[in-house]
Structure formats: structure tokens, C-alpha cells
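Position 124 of the sequence shown, counted from 1, bears residue number 124 in this note's numbering, the numbering being contiguous throughout.
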Amino acid sequence: GMYMLAFMREALSAGRHDVVNFAGDYLKSAEPRIVEEANMILAQSKRAVGDSEGAIAILEPLKKSNNSSIAASAYTELGKIYLHDINDLDKAGENFSTAINRYSRIQGAEDSYRGLTDVHLRRGDMESAEEVLNHKRSISTNDPWALFGVGEMAFFRGSTDTAAAAFRAVAL
């Protein structure tokens, strides 16, 4: 099963979505952890070929996974689909927020901070975007993305000293 998952990841990277689908079908009878990981890869493949609805159908049940990393990744991937593919800021925000609130320190939730910041910026809510960045910094003080975002926000507010300090911290 683990080798097949690695094979699926390679096929996804190569854009061989037909192979991803075949391998995903093959793994449907594997142990649950393997099936969930295979479904995550399959959902990414569906999204890559423009089948957002197919990806959503795969990801929704994975939100209930007992594996925190799988559940966090499902919420995050759903947020990305709603934000970038469907342009539903409400659903994107809900999924990113849930990933952060339930799984803030789990690997699969990492991109949810970026997604939720993007949702707030698209709505013109700079204050909420800055709150997300500061929350990310509170659990990962040297996160370069969060530091850069804080610097950008400070720059746009006219706080050039704060911006320069944040940018310097990213560069060093």
C-alpha cells in the first residue's frame, strides 16, 4: 500500500491523472489509513483536471477522519477549492477556519493560514488578515511567510520601521 501511495504521488506530479485514478481504484480495499491517503491524492488529481465537484465529493467525508493530518488536509484542500476554483469566500473561510481552530499545529493545516489571510484580503478586511498572520506567528515565531505578511501589512499602513524589521527577519 505505501509503495502504491508513493506511485500515486509521482503520477500526480507528472500529470498522469489516469494513472492516479487507476491506482486509487486499486487501493479502495486497502487498510483505512491507506485508503484515506489515496483519496487525498485522488482529490488533488480531480482538482488538477478541473473536476472541483469530484474533489469535493472525495474530500467531504475525509473531514471526519480519525487521522488529524488527513482531516486537516481535507479542510485545507476544500478551502483552496472554494477560494480559487469556485470563488465562494464564505465556504473557503469556513474550511480554512476549521482547519486552523481544530488542527493549528498539524501539518495538513499549514496552508489554511495563507488561505484564510487571502479570504480576508479579498474581502478588504486587513485587520482580520493581520490577526491570522499574528496567530500563525504565535505558534511559529520564525515562519517566513507570516513574517513577510506582517511586514507587508505594516508597509501598507505606513509603518516602514516595523515593515523593515519584519523583512529583515525574513532575509536573515
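For each residue, glycine too, the CB sits at the ideal point set by N, CA and C.
Here the structure is a predicted model, which is why all the values come from computation and not from measurement.
- Inter-residue distance for ALA38 and THR160 is about 47 Å (C-alpha atoms, whole angstroms).
- The residues LEU27, ILE34, GLU37, ALA38 and ILE41, in chain order, have a CB closer than 8 Å to that of LEU5 in the same chain once the five nearest residues on each side in sequence are set aside.
- Within a 10 Å sphere around the beta-carbon of GLU77 sit 16 or more other beta-carbons, which makes this residue buried.
- Going by DSSP, ASN39 is part of the alpha helix (DSSP H) stretching over 32 to 48.
- With a threshold of 16 other beta carbon atoms within 10 Å, ILE56 meets it and is buried.
- For the pair VAL170 and GLU31, the Cα-to-Cα distance works out to about 42 Å.
- The shortest C-alpha to C-alpha distance from TYR75 to any of ASN95, TYR82 and GLY54 is the one to ASN95.
- By the Cβ neighbour-count rule, ARG123 is exposed, with fewer than 16 other Cβ atoms within 10 Å of its own.
- LEU62 counts as buried, since no fewer than 16 other beta carbons sit within 10 angstroms of its beta carbon.
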